[in-house]
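Sequences listed follow chains A and B, in order. The working numbering puts the first residue of the first sequence at 22, with every later residue one more than the last. The working numbering puts the first residue of the second sequence at 22, with every later residue one more than the last. Think of the CB as a built atom: it goes at the ideal place given N, C-alpha and C, for glycine as much as any other residue. Every value quoted in this text rests on a predicted model; they were computed, and no experiment measured them. Taking it in order: structure first as structure tokens, then the write-up.
2 protein chains.
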Amino acid sequence: MTETPWLDDEEQRSWRAFGLATRLLLDRLERDLQEAAGMPPTYYELLVLLSEAPGRTMRMSELAHWTHSKPSRITHAIGKLEQAGWVRREPLASDRRGWLAVLTDEGLAALRAAAPRHVESVRAHLIDVLSPEQVSQLGDISEKLLEHLLSGSTARPSA
Amino acid sequence: MTETPWLDDEEQRSWRAFGLATRLLLDRLERDLQEAAGMPPTYYELLVLLSEAPGRTMRMSELAHWTHSKPSRITHAIGKLEQAGWVRREPLASDRRGWLAVLTDEGLAALRAAAPRHVESVRAHLIDVLSPEQVSQLGDISEKLLEHLLSGSTARPSA
DNA sequence: CCCAGATGTTTCAGTACGCAACTATTCAGC
DNA sequence: GCTGAATAGTTGCGTACTGAAACATCTGGG
């Protein structure tokens, strides 16, 4: 059991600013997206995934995998999206346990209608606020964090 | 109505990495904190605020203000924290509409017990993953975002 | 004074999510 | 083939949050 040093001033500054900025930014983007698309960002992400998939179709478990989320969330979310008419479910012939989520024409239309406003929002509150150099730095930083989080994802600090 | 240009490759890369990294990081920190302190980050933040306030006391509306959250969340949260014995409520003499939330000794103890593990977690998944230079860059970036979000906070992209 | 509007807080209804328990299907080993 | 373990997905319950409406109290203009 080793002693972990407290954060110094600079680390403290970065951590506090990052924590707050992140929360406020995500809140803002969520609001904008809700207004533009009538759905939360997580649902939007599902539609994006489906729109980019061959046949506009993905298996539930694939959706769970690519969104890094639990199966139950996919069930709930696809249920809602189905109710909205944006997604349709089809049984999977090759594996009778499985289901396909298929993006409907209405879903694609909703996505295309919302996308410009979404981009606008990301620009207005993130990209255009920063210098091109900072955008690039943020990319590097995020990728480094991702690498850590995705690889040693099972490791917890002390335990 | 002006055309907003789509994101170029570099912007796209940063935005996608940032979005995912942020979500995964926050999830991880939330889990760690839940394990260390038995409470969500937002409750932890309330205890921190109270611990730093004179008399370990703040008004409900102040808590809402400093956490950038809605009043109803404070009511719920303080209710839970009160149940846990970490916070006590006192009526406010000078304004009979108001209530004070007071951090109890147990609350302070819980906070002090959880803090080292929390710091450890922030180090392990954020600070120590980055170079000191990147930590500093992230601080600058976050502060720039904060400045934007806090000032023009009422402005939405197109509307 | 007193009443209208502002402010502080709670309550209620509704959303998104995780966890744990469950059903149904597939697969591996014998 | 058959049985037991792994996998796919759903369901139900509990938690944290929001927005709107309700309610109490305060404040300022007549």
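Would you verify that the beta carbon of residue i is, or is not, closer than 8 Å to some beta carbon of chain A?
{"i": "Arg133/B", "result": "no"}
{"i": "Asp30/B", "result": "no"}
{"i": "Gln55/B", "result": "no"}
{"i": "Gly76/B", "result": "no"}
{"i": "Glu141/B", "result": "yes"}
{"i": "Val209/B", "result": "Residue coverage of chain B in this structure runs from 22 to 180, which leaves residue 209/B outside it and unanswerable."}
{"i": "His146/B", "result": "yes"}
{"i": "Leu41/B", "result": "yes"}
{"i": "Ile95/B", "result": "no"}
{"i": "Leu70/B", "result": "no"}
{"i": "Ser172/B", "result": "no"}
Mapping the DSSP letters down to three states, classify residue i as helix, strand or coil.
{"i": "Pro112/B", "result": "strand"}
{"i": "Thr78/B", "result": "strand"}
{"i": "Trp36/B", "result": "helix"}
{"i": "Pro137/B", "result": "helix"}
{"i": "Glu24/A", "result": "coil"}
{"i": "Gly59/A", "result": "coil"}
{"i": "Leu147/A", "result": "coil"}
{"i": "Arg44/B", "result": "helix"}
{"i": "His29/B", "result": "Checking the sequence, you will find Asp at residue 29/B rather than His. Asp29/B falls in the coil class under three-state DSSP."}
{"i": "Arg52/A", "result": "helix"}
Which two residues bound the contiguous beta strand (DSSP E) that contains residue i?
{"i": "Thr96/A", "result": "Looking at the DSSP string, Thr96/A is not in any beta strand (DSSP E); the run it does join, the alpha helix (DSSP H), is 92 to 104."}
In the DSSP assignment, the alpha helix (DSSP H) including residue i goes from what residue to what residue?
{"i": "Met81/A", "result": "81 to 87"}
{"i": "Val123/A", "result": "Not the alpha helix (DSSP H): Val123/A falls in the beta strand (DSSP E), residues 120 to 124."}
{"i": "Ser163/A", "result": "153 to 172"}
{"i": "Val69/A", "result": "62 to 73"}
Nearest to residue i by alpha carbon, out of the options?
{"i": "Gln104/B", "options": "Ser35/B, Tyr64/B, Ala114/B", "result": "Tyr64/B"}
{"i": "Gly59/B", "options": "Leu102/B, Ser157/B, Leu28/B, Arg80/B", "result": "Leu102/B"}
{"i": "Leu47/B", "options": "Leu147/B, Asp30/B, Ala114/B, Ile99/B", "result": "Leu147/B"}
{"i": "Ser157/A", "options": "Ser90/B, Trp27/B, Thr25/B, Arg37/B", "result": "Arg37/B"}
{"i": "Ser172/A", "options": "Val150/B, Glu164/B, His169/B, Leu159/B", "result": "Val150/B"}
{"i": "Leu50/A", "options": "Ser142/A, Glu73/A, His169/A", "result": "Ser142/A"}
{"i": "Lys165/B", "options": "Ala145/A, Leu166/A, Leu28/A", "result": "Ala145/A"}
Answer yes or no: does any C-beta atom of chain B fall closer than 8 Å to that of residue i?
{"i": "Lys165/A", "result": "yes"}
{"i": "His169/A", "result": "yes"}
{"i": "Pro35/A", "result": "Going by the sequence as given, residue 35/A is Ser instead of Pro. It does; some Cβ of chain B falls within 8 Å."}
{"i": "Ala38/A", "result": "yes"}
{"i": "His86/A", "result": "no"}
{"i": "Ile162/A", "result": "yes"}
{"i": "Pro137/A", "result": "yes"}
Would you be able to state if there are at least three C-beta pairs under 8 Å between the stretch 113 to 133 of chain B and the stretch 126 to 139 of chain A?
These segments do not touch.
Contact between the stretch 47 to 55 of chain B and the stretch 131 to 146 of chain B (3+ Cβ pairs under 8 Å)
When Cβ pairs closer than 8 Å are counted between the two stretches, the stretch 47 to 55 of chain B is seen to touch the stretch 131 to 146 of chain B, the count reaching three or more.
Between the stretch 77 to 86 of chain A and the stretch 39 to 46 of chain A, do at least 3 Cβ pairs fall closer than 8 Å?
Not touching, per the Cβ criterion.
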